[in-house]
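K.L.:
In this text, residue positions in the sequence shown follow the numbering used here: the first is 171, and each later residue adds one.
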Amino acid sequence: MHLSRFPRTRLAHLPTPLEPMPRLSRELGIDLWIKRDDCTWLSTGGNKTRKLEFLMAEAEAEGADMVMTQGATQSNHARQTAAAAARLGMGCHILLEDRTGYNNANYNNNGNVLLDHLHGATTEKFPGGTDMVAEMERAAEKKRAEGRKVYVIPGGGSNPTGALGYVNCAIELLAQANEAGLVIDRIVHATGSSGTQAGLVTGLCAMNAGIPVLGIGTRAPREKQEQMVYDLACRTAEKLGCPGVVGREDVVANSDYVGQGYGLPTDAGIEAIRMFSELEGILLDPVYSAKGASGLIDLARKGEFAGQTVVFLHTGGSVGLFGYDFAFDHADRWVSL
Ligand SMILES: *Cc1c(COP(=O)(O)O)cnc(C)c1O
Numbered sequence: 171m172h173l174s175r176f177p178r179t180r181l182a183h184l185p186t187p188l189e190p191m192p193r194l195s196r197e198l199g200i201d202l203w204i205k206r207d208d209c210t211w212l213s214t215g216g217n218k219t220r221k222l223e224f225l226m227a228e229a230e231a232e233g234a235d236m237v238m239t240q241g242a243t244q245s246n247h248a249r250q251t252a253a254a255a256a257r258l259g260m261g262c263h264i265l266l267e268d269r270t271g272y273n274n275a276n277y278n279n280n281g282n283v284l285l286d287h288l289h290g291a292t293t294e295k296f297p298g299g300t301d302m303v304a305e306m307e308r309a310a311e312k313k314r315a316e317g318r319k320v321y322v323i324p325g326g327g328s329n330p331t332g333a334l335g336y337v338n339c340a341i342e343l344l345a346q347a348n349e350a351g352l353v354i355d356r357i358v359h360a361t362g363s364s365g366t367q368a369g370l371v372t373g374l375c376a377m378n379a380g381i382p383v384l385g386i387g388t389r390a391p392r393e394k395q396e397q398m399v400y401d402l403a404c405r406t407a408e409k410l411g412c413p414g415v416v417g418r419e420d421v422v423a424n425s426d427y428v429g430q431g432y433g434l435p436t437d438a439g440i441e442a443i444r445m446f447s448e449l450e451g452i453l454l455d456p457v458y459s460a461k462g463a464s465g466l467i468d469l470a471r472k473g474e475f476a477g478q479t480v481v482f483l484h485t486g487g488s489v490g491l492f493g494y495d496f497a498f499d500h501a502d503r504w505v506s507l
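Now the structure itself:
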């Protein structure tokens, strides 16, 4: 495995910090650290920026003058793609699927949507259940007919090129652990379109690190999620020149914390947001990292990580809080002394 063989455009502030969480550790009875990929820092940061380093390099190599991608209304991936395009002087068009049906003004125009527009991207809305891949092809063809050179990025940036960003994270995290003399027993993070877990697992397996990864699902049932991650990990390993390095048993997901569905906050997720922000000053988001953290919290309380050093990979997304303000009751914080 030799990652620098692949073209890469620097967009992230790396390495992201690996920080101990003493107050959360005490609360949960484990040794908890956070890998701060919420601090990759392109337009407030998040996990998509690592993927975009490889995706945008490919777009530039192909001579693209415009990128197109798709996601849910409050997509963090869309926002980071819009920022990357702005930085590289490319146009950006984003297809947004209404997966929640929320009529709320903040949900539809604040948070990530506001930042998409501030970065100069155009957005187009589609009802939930639309074939977004077909719509994106149609939109790309339309722009190509107008003479644009369009590079299409799949939802979440999850293909073998994007997953290289998380192979890079695996290398970075292992180097930090080695440097700090830290033995990591488990990595836990929120998984969605699968590129993060696929890249991470591929990188760790290729280095024979022996660190199990647990992806907490945010949309699909466990079996489907694991298959998606495994398929992409196999393709990523092939691209890296180490085919077959990932075993099916290396891919583990838990979809018990999805709740009513993608993008719909859960009570346990809201509790996780309050715990992380009140105990450590760390912001999570209701769609991904809070559900991931709610799985971490619940499993820690059930003794699953007893005596272990656990790294929670923080995938970002806190800008989404401003699109979900209605999910929080905080009137009791206004007081009169
Ligand atoms: C996209 C995203 C994830 C999921 O990562 P995938 O690579 O799509 O599985 C997790 N957390 C946040 C904040 C995200 O935006």
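C-beta: ideal position from N, C-alpha, C; glycine also.
1) Taking the alpha-carbon positions, what's the residue 390 to residue 487 distance?
2) Go ahead and label residue 461 buried or exposed: buried means 16 or more other beta carbons lie within 10 angstroms of its beta carbon, across all protein chains shown.
3) Per DSSP, what are the beta-bridge partners of residue 422 in this structure?
4) Suppose contacts are defined by Cβ-Cβ distances below 7 Å. Is residue 416 in contact with residue 371 by that definition?
5) What I want to know is whether the C-beta of residue 470 ends up closer than 6 Å to one or more non-hydrogen atoms of ligand 1.
6) Smallest Cα separation from residue 406: which of 384, 375 and 392?
7) Measuring only from the beta carbon, is residue 360 closer than 6 Å to any heavy atom that is part of ligand 1?
8) Just to confirm my understanding: we take residue 328, look at its own chain, exclude 5 residues before and 5 after, and list those with CB closer than 6 Å. What are they?
9) Report the residue from 482, 313, 452 and 301 whose alpha carbon sits nearest the alpha carbon of residue 261.
10) Within 10 Å of its beta-carbon, does residue 203 have 16 or more other beta-carbons around it, so buried, or fewer, so exposed?
11) Would you mind sorting residue 413 into buried or exposed? The rule is 16 or more other CB atoms within 10 Å of its CB.
12) Smallest Cα separation from residue 274: which of 495, 228 and 220?
13) Can you tell me whether residue 364 sits near ligand 1, meaning its C-beta is under 6 Å from at least one heavy atom of the ligand?
14) First and last residue of the beta strand (DSSP E) that includes residue 201?
15) Suppose contacts are defined by Cβ-Cβ distances below 7 Å. Is residue 209 in contact with residue 186 by that definition?
16) Does DSSP put residue 428 in a helix, in a strand, or in coil?
17) Taking buried to mean at least 16 other C-beta atoms within 10 Å of its own C-beta, is residue 476 buried or exposed?
18) Take residue 382 and list the residues in its own chain whose beta-carbon comes closer than 6 Å to its own, dropping the five residues that flank it on each side.
19) State the CB to CB distance for the pair residue 198 and residue 386, rounded to an integer number of angstroms; the pair is presumed to be in contact (CB under 8 Å).
20) Candidates 302, 341, 421 and 500: which alpha carbon is nearest residue 174's?
21) Taking all protein chains shown into account, do 16 or more other C-beta atoms lie within 10 angstroms of the C-beta of residue 378, making it buried, or fewer, making it exposed?
22) Please check the pair residue 490 and residue 244, which I expect to be a contact at CB under 8 Å, by giving their CB distance rounded to whole angstroms.
23) Any heavy atom of ligand 1 closer than 6 Å to the beta-carbon of residue 432?
24) What is the DSSP secondary structure of residue 360, reduced to helix, strand or coil?
25) Rank 380, 252, 373 and 189 by C-alpha distance to the C-alpha of residue 326 and give the top, closest one.
26) Okay, do the segment 291 to 299 and the segment 264 to 271 touch, 3+ Cβ pairs below 8 Å being the bar?
27) By DSSP, does residue 254 sit in helix, in strand, or in coil?
28) Note down the Cα distance separating residue 447 from residue 311, rounded to an integer number of angstroms.
29) Quick check: what's the CA-CA separation for residue 500 versus residue 369?
30) Counting pairs of beta carbons, one from the segment 417 to 424 and one from the segment 393 to 405, are three or more of them closer than 8 Å?
31) Sorted by chain position, which residues of the same chain lie with C-beta nearer than 6 Å to residue 177's C-beta, five sequence neighbours on each side aside?
P.N.:
From the atom records:
1) Each residue's Cα considered, the two are about 19 Å apart.
2) Counting Cβ neighbours within 10 Å, residue 461 comes out buried, since at least 16 surround it.
3) Answer by DSSP bridge pairing, in chain order: 384.
4) It is a contact, given that the beta carbons lie within the stated cut-off.
5) Because no heavy atom of ligand 1 lies under 6 Å away, the Cβ of residue 470 does not count as near it: no.
6) Looking at 384, 375 and 392, the one whose alpha-carbon comes closest to that of residue 406 is 375.
7) Result yes, Cβ under 6 Å from ligand 1.
8) Residues of the same chain with a CB within less than 6 Å of the CB of residue 328, apart from the 5 flanking positions on each side, are 363, 364 and 365 in chain order.
9) Comparing alpha carbon positions, the residue from 482, 313, 452 and 301 closest to residue 261 is 313.
10) Burial of residue 203 is indicated by the presence of at least 16 other C-beta atoms within 10 angstroms of its C-beta.
11) Taking every protein chain shown into account, the CB of residue 413 has fewer than 16 other CB atoms within 10 angstroms, so this residue is exposed.
12) The shortest C-alpha separation from residue 274 is found at 495.
13) Residue 364 has its CB nearer than 6 Å to a heavy atom of ligand 1.
14) Segment 201 to 206, the beta strand (DSSP E) holding residue 201.
15) By the CB criterion at 7 Å, residue 209 and residue 186 fall inside the cutoff.
16) If DSSP states are grouped into helix, strand and coil, residue 428 belongs with coil.
17) Taking every protein chain shown into account, the CB of residue 476 has fewer than 16 other CB atoms within 10 angstroms, so this residue is exposed.
18) The answer, listed in chain order, is 356.
19) Not quite, the Cβ-Cβ distance comes to about 15 Å (not below 8 Å), so this is no contact.
20) Answer by Cα proximity: 341.
21) With fewer than 16 Cβ atoms within 10 Å of its Cβ, residue 378 is classed as exposed.
22) The distance from the Cβ of residue 490 to that of residue 244 is about 5 Å, consistent with a contact at the 8 Å cut-off.
23) Incorrect: residue 432 has no Cβ contact closer than 6 Å to ligand 1.
24) In the structure shown, residue 360 sits in a strand (DSSP, three-state: E or B).
25) Selected option, being the one with the closest Cα: 252.
26) Between the segment 291 to 299 and the segment 264 to 271, the count of C-beta pairs closer than 8 Å reaches three or more; the two stretches touch.
27) In this structure, residue 254 counts as helix in the three-state DSSP scheme.
28) CA-CA distance, residue 447 to residue 311, rounds to 44 Å.
29) Using only the alpha carbons, I get a separation of about 38 Å.
30) As far as the Cβ criterion goes, the segment 417 to 424 touches the segment 393 to 405, which means the pair count is three or higher.
31) Here the set comprises 227 and 231.
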